[in-house]
Each structure stands twice: as C-alpha cells, then as structure tokens.
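Student: Take this structure first; my questions come after.
Structure representation (structure tokens):
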C-alpha cells in the first residue's frame, strides 16, 4: 500500500504545486476541488496505545494510517499526549475499532489524555503490558499490532511491527484472522460517520482472471 496523505511536509509541498495551476472541471462529474474532506476514504479507525511517564495507559484514534512496508506501518500524527509518550517509550500498540466498541473508540478519539488522564478506565477498558514492546495492549480490542518507533518527524510516524496477536474469538477454522468476526469499522470522511466493513465481493488475485 502506498503511504497515505500522512506525511504532512511532503503532502503540503505537493498540494502547493497543484494549487499553482487553475483547477479544470471534469466533464460529467461533480467537482469538489482538493480541499474537500473526501480525500482517501474509507479510512481505518486505528487505536494507538502508549504509556505515559507514570505508566498510565493512553489511547487515541487515528484515521490517517496505512501499511508502509511489509513489516512497517505509517500514521499521520500532530502533537498529542500520544506523541509525547512515543518520545519517552519509543513504542506503541495499534488495535482496530470494531462494531462492539464504537462508543468507546469515538470517545478515545474525542478526549485528550492531557485533560482526562483516566480516559481508558472511563471506557471500562482493561490493559495488559505488551511482552514485546514498552506499550499497553487494550484487552477489549481483539487484534493488536505491537510496534517499535522507527521514526517520527514532520508529523509522520513510522513503526516496525514486531508482533501481531489476536484473540481466538476472531480466528477462522484455519487459525487466520477473519474480518467477518473482527467486524472492524472505518471512518467515512464524507458522511462524518463510522461504517462497518461489508461482505466479500471477490477473491484477490482471482476475480480478474475472467477478463
């Protein structure tokens, strides 16, 4: 997957170049321009968990995230309590908001840990220290990536995934993660809402063979 519109410096330079030329309308379509919120959607609702200096867990939701390499992820982050924690621990976990945790996940994205230090507990969430990185695992999220910070600069966080762990409740008969059981949600920037992932509509590297 390409790195998303996350690395703010490069994105800003690219946008400035595009804005230097007058916008041409695309015939037969409604044109919104580059400033419209619907840039890359749907977007994953990733939940980033870190420890603060007192080993209190903090969790925030981020939507500008994606796979950067075979074992790396990229997330666009402005300055938050999370980024302060990352500078201390050089580690974090990433989980995925799902249908069961819409209310709690949205709350964790709305409220800063600087203002509500116990916001994780307020959600009724429980925590297990990761055995592989210096970060908390949120037990209520059944799929978690344990990550080490590779770099964080210009608003672009790159993390190395050292382990992925999954609760047995989201595994299929063959022991693989089944998204139908996980029921992850995505952020719809156009509707400003969360949507559940839909049904399987084709097999990868197979659906196109009929052409």
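Numbering (my numbering), first residue to last: 1 to 211.
In this text, a Cβ means the ideal position worked out from N, Cα and C, and glycines have one as well.
For residue 156 and residue 84, what's the separation of their Cα atoms in angstroms?
Tutor: Straight-line Cα distance between these residues: approximately 14 Å.
Student: Can you check DSSP and say which residues form a bridge with residue 25?
Tutor: Paired residue(s): none; residue 25 is not in a bridge.
Student: Rank 28, 44, 60, 64 by C-alpha distance to the C-alpha of residue 119 and give the top, closest one.
Tutor: Ranking 28, 44, 60, 64 by Cα distance to residue 119 puts 60 first.
Student: Thinking residue 86 and residue 144 are a contact (beta carbons under 8 Å), I'd like their distance in whole angstroms, please.
Tutor: Actually they are not in contact, since the Cβ atoms of residue 86 and residue 144 sit about 17 Å apart, beyond 8 Å.
Student: So residue 138 and residue 92 are in contact, right, with Cβ under 8 Å, and what is the actual spacing, rounded?
Tutor: Contact doesn't hold; Cβ gap of about 12 Å is too wide.
Student: Pick helix, strand or coil for residue 179, following the three-state DSSP scheme.
Tutor: Residue state, collapsed to three classes: helix.
Student: Once you ignore the five residues that flank residue 23 on each side, which residues in its own chain have a CB closer than 7 Å to its CB?
Tutor: 33
Student: Are there three or more Cβ pairs, one per stretch, closer than 8 Å when the region 107–122 is compared with the region 161–172?
Tutor: Counting Cβ pairs under 8 Å, fewer than three are found: no touch.
Student: Can you tell me which of the three DSSP states residue 131 falls into?
Tutor: coil
Student: Can you confirm whether the region 123–139 touches the region 93–103 when touching is taken to mean that 3 or more C-beta pairs between the two stretches lie within less than 8 Å?
Tutor: yes
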